[in-house]
Amino acid sequence: MELLHWRGEKKWALPSIDIDSLELLAYVKFSSANVEVKPTFKSLVQKEGRTLPCLCLPEDEVVYGNQEIIKHLNLKHFDANTWLDDGSKNYSLVLKAIIEERLKPAVQATLWMEVENYSEIVRPVFARNCRYPINFTEAKKIHDRIEEHVSLSKHLLEDEDATKMKKLMAEGADAIQTLSQFLKNRDFIFGARPCSVDALLFSCLAPLVKIPLKSGELHNEVRKTENLVQYVDRILMKYLREIEREEKDDTNEEKTQKEESSAKKTSKSEDEENKYDWLFSVGIATAAMVSYAIHVGLIQLRRTAAS
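This is the structure in structure tokens:
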């Protein structure tokens, strides 16, 4: 099995720039799943990069959506919750509801709906991680989808933008305080081992802790809670540092072009993947030039009368 996910940002020390990808990367590590993780560019043409994240299975089967991917891993006996007792499992449902219904919408709004954060940080980073030509449009599509989803799920369609953000930030800040109080000084939510709730919580907190956001109050709220900041750093250091290191090594190898024979095979595979995007781009450019030449009269089309 292979997990294709949005690529990370080295300067932020994050293995992915995407919340859903972060959750799955953490869950794969927490459950010790036999899954190869692969940072991937979003692509219009290449099949593997059309929808991220996704889990590629043998025989060209693909699983989409975090819940479905985690469900599939559980069926394969990769379950991060097997060690939890009944009481902890009941608590986990409550905590997941707090994260999904109060914290995650506030985090998404901070990243994608705060104008300064979106225009100066989020949009450029996502554009760099998309192939041409969707590098010009993909961030806007994600922005619109998230804004619509958050507004619908929180019943904020009729509210002004300022009122909407105020309500979301208040709920997010309240969730952060609740989760910080529940965590206390433990390493993870339920003690010495992480579970699925930790994967979800980490995915929401990590962008607030690691990305140098320009505006919004939620990231400042998180950074006031020392135990949550340490919690994010702990997971990155203990479980996801290896992924970050592998991505850095791959980048260095591409720059120096001094791969060993096994790395050359990987490079060849990546070139094969990228050629489709290149051909697509050349096709668009050629069609545009021919159309222009016909329009200005550089190329003339002749019709031959039927005999």
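The sequence shown begins at 434 in our numbering and counts up one residue at a time.
Yeah, the Cβ is synthetic: ideal placement off N, Cα and C, and Gly gets one too.
Note that this is a predicted model, so its numbers are computed, not measured.
Excluding its 5 nearest sequence neighbours in each direction, L528 has C-beta neighbours in its own chain below 6 Å: V630, listed in chain order. H438 carries a strand assignment under DSSP once its states are collapsed to helix, strand and coil. A Cβ-Cβ separation of about 7 Å places K647 in contact with I554 under the 8 Å criterion.
In the structure shown, the three-state DSSP call for Y672 is helix.
DSSP, read as helix, strand or coil, puts T570 in coil.
In terms of CA proximity to T611, L536 leads the group A625, L536 and S552. Counting every other CB atom within 10 Å of its CB across the protein chains shown gives G605 a total of 16 or more, marking it as buried.
Residue range E469 to T473 is occupied by the beta strand (DSSP E) that includes V470.
The beta carbons of G649 and N550 sit closer together than 8 Å. P627 is the residue among Y664, T719 and P627 whose C-alpha sits nearest the C-alpha of L517. G624 is classed as exposed because its beta carbon has fewer than 16 other beta carbons within 10 Å across all chains shown. As computed with DSSP, L488 is found in a beta bridge with L436 and V496. C563 has K475 as its beta-bridge partners, per DSSP. DSSP places E604 inside the alpha helix (DSSP H), whose first and last residues are D594 to L616. DSSP, reduced to helix, strand and coil, places F463 within a helical segment of the structure shown. Between S636 and A459, the gap from beta carbon to beta carbon is short of 8 Å.
The Cβ neighbour count for D493, taken over all protein chains shown within 10 Å, is under 16; the residue is labelled exposed.
Burial state of M546 is buried, judged by a 10 Å Cβ sphere holding 16 or more other Cβ atoms. C563 and G482 have their alpha carbons spaced roughly 9 Å apart.
Rounded to the nearest angstrom, the gap between the Cα atoms of P486 and K599 is 30 Å. Membership of G520 in the alpha helix (DSSP H) is indicated by the continuous run D519 to I531. Taking one beta carbon from each stretch, the stretch 566–574 and the stretch 469–481 have 3 or more pairs nearer than 8 Å; the two touch. For F623, there is no enclosing alpha helix (DSSP H), as DSSP marks it with neither H nor E.
Contact annotation: L457 and L490 have beta-carbon atoms that are not nearer than 8 Å.
When C-alpha distances from P472 are compared across S464, L455 and S465, the shortest belongs to L455.
DSSP lists no beta-bridge partner residue for L585. The stretch 664–677 makes contact with the stretch 462–470: 3 or more CB pairs, one atom from each, lie closer than 8 Å.
Residue range L651 to K657 is occupied by the alpha helix (DSSP H) that includes E654. DSSP, read as helix, strand or coil, puts L458 in helix. The DSSP-derived three-state label of L661 is helix. Y497 counts as exposed, since fewer than 16 other beta carbons sit within 10 angstroms of its beta carbon. By the Cβ-count criterion, A603 is exposed, with fewer than 16 other Cβ atoms from all chains shown falling within 10 Å of its own Cβ.
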